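The sequence shown stops at residue 130 when you use my numbering, and every number in between is there.
The C-beta atom is built at its ideal place from N, Cα and C for all residues, glycine as well.
Every value quoted in this text rests on a predicted model; they were computed, and no experiment measured them.
Structure first, commentary second.
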Amino acid sequence: MDAGRLSSAALMVSGAAGVVMPVRFATALDLPPTTGRGRAETRAGLGGTYTALGGWALVSRAPAARTAVGVTWLGAAAARLVSMKVDRPRTDWVFWLSLGMEVGLGTAALVSRPRPGELPAD
9 MDAGRLSSAA LMVSGAAGVV MPVRFATALD LPPTTGRGRA ETRAGLGGTY TALGGWALVS
69 RAPAARTAVG VTWLGAAAAR LVSMKVDRPR TDWVFWLSLG MEVGLGTAAL VSRPRPGELP
129 AD
């Protein structure tokens, strides 16, 4: 599996975790879903969105799919870095692992995407 497909799969699996186990998923992110609405928003916003984007990029041959995945990961990383200054969150190992994954997987998706005129890798 090339780096772009790995990045897309990771995004899809991350989203699927949010859909299937929203309480554990949100709690791991320090977002305790204490209401039905909180669980629904976790499933939809963090789960469904990432599952759909990652899944589309896995089956699509369009370079835009991997670009979208890469920009999504890097956007999350950028927001996380801004939040360090603005929000001053508790930065445990999950926080740093998440930042590393966002930067690494975002970069991998962008670097591996086919260029105009190239055939996408299978």
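Legend entry - At least three beta-carbon pairs within less than 8 angstroms, the stretch 54-62 to the stretch 71-90: Short answer: they touch.
Inset, instruction - For E49, decide whether its Cβ has a neighbour in chain C, counting only Cβ atoms nearer than 9 angstroms. - result: Of the chains in the structure shown, none is chain C; there is only one protein chain.
Inset, instruction - Alpha carbon to alpha carbon, how far is V90 from R96? Give it in angstroms, no decimals. - result: Locating residue 96 in the sequence shown gives position 88, counting from the first residue. Locating residue 90 in the sequence shown gives position 82, counting from the first residue. The alpha-carbon of R96 is positioned some 9 angstroms away from that of V90.
Inset, instruction - Look at the Cβ atom of G26, then the Cβ atom of Y58, and state whether they are nearer than 9 angstroms. - result: The residue you call residue 26 lines up with position 18 of the sequence shown. The residue you call residue 58 lines up with position 50 of the sequence shown. Yes, Cβ-Cβ distance for G26 and Y58 is below 9 angstroms.
Inset, instruction - Output the distance between the C-alpha atoms of P122 and R98, rounded to the nearest integer angstrom. - result: Here residue 122 corresponds to residue number 114 of the sequence shown, with the count starting at 1. Here residue 98 corresponds to residue number 90 of the sequence shown, with the count starting at 1. Computed Cα separation, rounded: 38 angstroms.
Legend entry - For G44 and W101, the rounded distance between their alpha carbons: Position 93 of the sequence shown, counted from the first residue, corresponds to residue 101. Position 36 of the sequence shown, counted from the first residue, corresponds to residue 44. Taking the straight line from one Cα to the other gives about 28 angstroms.
Inset, instruction - Tell me where the alpha helix (DSSP H) around P71 begins and ends. - result: Taking the sequence shown and counting its residues from 1, one reaches residue 71 at position 63. Per DSSP, P71 belongs to the alpha helix (DSSP H) from 71-94.
Legend entry - Span separating the alpha-carbon of F103 from that of A70: Taking the first residue of the sequence shown as 1, we reach residue 103 at position 95. Taking the first residue of the sequence shown as 1, we reach residue 70 at position 62. For F103 and A70, the gap between their C-alpha atoms comes out near 32 angstroms.
Legend entry - P30 - DSSP class collapsed to helix/strand/coil: Here residue 30 is taken as the residue at index 22 of the sequence shown, counted from 1. DSSP places P30 in helix when its eight states are reduced to three.
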